[in-house]
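> Right, I'll just put the structure down here and ask away after.
Numbering (the UniProt record's numbering), first residue to last: 1 to 257.
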């Protein structure tokens, strides 16, 4: 089902999105060498609950996972790219960390992800990897709007990733959000322009380009959740929730400070 929100619900989505953006920004600032992934999960839990929000992950139990997930945030490290289950693992300088957070506030969900290198200046390869996902995300957002087709968004994302030299995996991609975290439509990270669902005002989409440095093949950890590159190469993931409006597209998950 594709859910179309009314103006009041979109306004609530703005508040949810701001909360998600602010929590991720706070966690990024606190994630340094010596930080445990379980600490990040604990900090996320405290901020979500303090805001009166609900985690979309704690009780999340889809068919592809070994659920329930049982944590408040996905922490994907180095060769892990999606659904990283927080473990007792301490960060070190040079680690490449992706944080993915989805919460519900006042009945509306927002979902966002960031990738960054711990410590000093990232390597050229890591900077290129993260930068490609961020540029692809901006391109997908720019292609969205009322009357655009889903294929336009997917094509814009895939064109950036392909031009940067990365293979695109289409098993997991963006998705609709609204009263629940994962809804139709699925938004592949590559596609054909002019095809697919016509975007309408009130539609919320979580756009999430992600890549692996030298492969498009995923493997799953014994924990049943964490998805890694099949070759052990580094990975990156960027995501925003956006709202289709009457006259364009609005990014909901930007931090407020």
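For each residue, glycine too, the CB sits at the ideal point set by N, CA and C. Note that the structure is a prediction, hence the values are computed from the model and not measured.
(1) Using the DSSP secondary-structure output, state which residues sit across from residue 2 in a beta bridge.
(2) Closer than 8 Å by C-beta to residue 195: which residues in its own chain qualify, once you throw out the five before and the five after it? Chain order, please.
(3) Counting Cβ pairs, one atom from each stretch, are 3 or more of them under 8 Å apart for the stretch 200 to 213 and the stretch 172 to 192?
(4) Provide the residue span of the beta strand (DSSP E) that contains residue 63, from first to last.
(5) Can you list, in chain order, the residues of its chain whose CB lies under 7 Å from that of residue 184, leaving out five sequence neighbours each side?
(6) Rounded to the nearest angstrom, how far is the Cβ of residue 323 from that of residue 81, given a contact under 8 Å?
(7) Is it the case that the Cβ atoms of residue 19 and residue 44 are separated by a distance below 8 Å?
(8) Can residue 115 and residue 96 be called in contact, C-beta distance under 8 Å?
(9) Compare the C-alpha of residue 79 against each of 98, 90, 70 and name the closest.
(10) So is residue 6 buried or exposed if we call it buried at 16+ other beta carbons inside 10 Å?
(11) Check for me: the alpha helix (DSSP H) holding residue 247 runs from which residue to which?
(12) For a quick check, are the C-beta atoms of residue 144 and residue 118 less than 8 Å apart?
(13) Residue 103 to residue 25, Cα distance in whole Å?
(14) Considering only C-alpha positions, which residue in the set 154, 146, 35 is nearest to residue 138?
(15) Which value, in whole angstroms, describes the spacing of the CA atoms of residue 106 and residue 223?
(16) Do you know whose CA, among 251, 239, 85, 213, lies nearest residue 39's CA?
(17) On the three-state DSSP scale, how would you describe residue 228?
(18) When DSSP labels each residue in this structure, what does residue 133 get in the three-state scheme?
(19) Is residue 13 closer than 8 Å to residue 243 when the C-beta atoms are compared?
(20) Are the beta-carbon atoms of residue 239 and residue 100 separated by less than 8 Å?
(21) With DSSP as the reference, label residue 126 as helix, strand or coil.
(22) Going along the chain, which residues of its own chain have a beta-carbon closer than 7 Å to the beta-carbon of residue 237, five neighbours each way excluded?
(23) State buried or exposed for residue 35, treating a residue as buried only when at least 16 other CB atoms are found within 10 Å of its CB.
(24) When you compare only the Cα positions, how much space is there between residue 31 and residue 121?
(25) To the nearest angstrom, how far is the alpha carbon of residue 126 from that of residue 15?
(26) Who are the near neighbours of residue 255 in its chain, counting only those whose CB is closer than 6 Å to its CB and skipping five residues on each side?
By the coordinates alone:
(1) 184
(2) Within the same chain, residue 195 has close Cβ partners 149, 150, 151.
(3) yes
(4) Per DSSP, residue 63 belongs to no beta strand (DSSP E) and is neither H nor E.
(5) Within the same chain, residue 184 has close Cβ partners 1, 2, 176.
(6) Nothing about residue 323 can be read from this structure; the chain reaches only from 1 to 257.
(7) Cβ distance not < 8 Å, so residue 19 and residue 44 don't count as in contact.
(8) yes
(9) 98
(10) exposed
(11) DSSP places residue 247 outside any alpha helix (DSSP H), giving it a letter other than H or E.
(12) no
(13) 15 Å
(14) 154
(15) 32 Å
(16) It is 85.
(17) strand
(18) helix
(19) yes
(20) yes
(21) helix
(22) 76, 81, 82, 98, 100, 113, 115, 133, 208, 210
(23) Flag for residue 35 reads buried.
(24) Approximately 15 Å, taken between the alpha carbons.
(25) 32 Å
(26) The beta carbon of residue 255 is closer than 6 Å to those of 21, 22, 25 in its chain, skipping five residues each way along the sequence.
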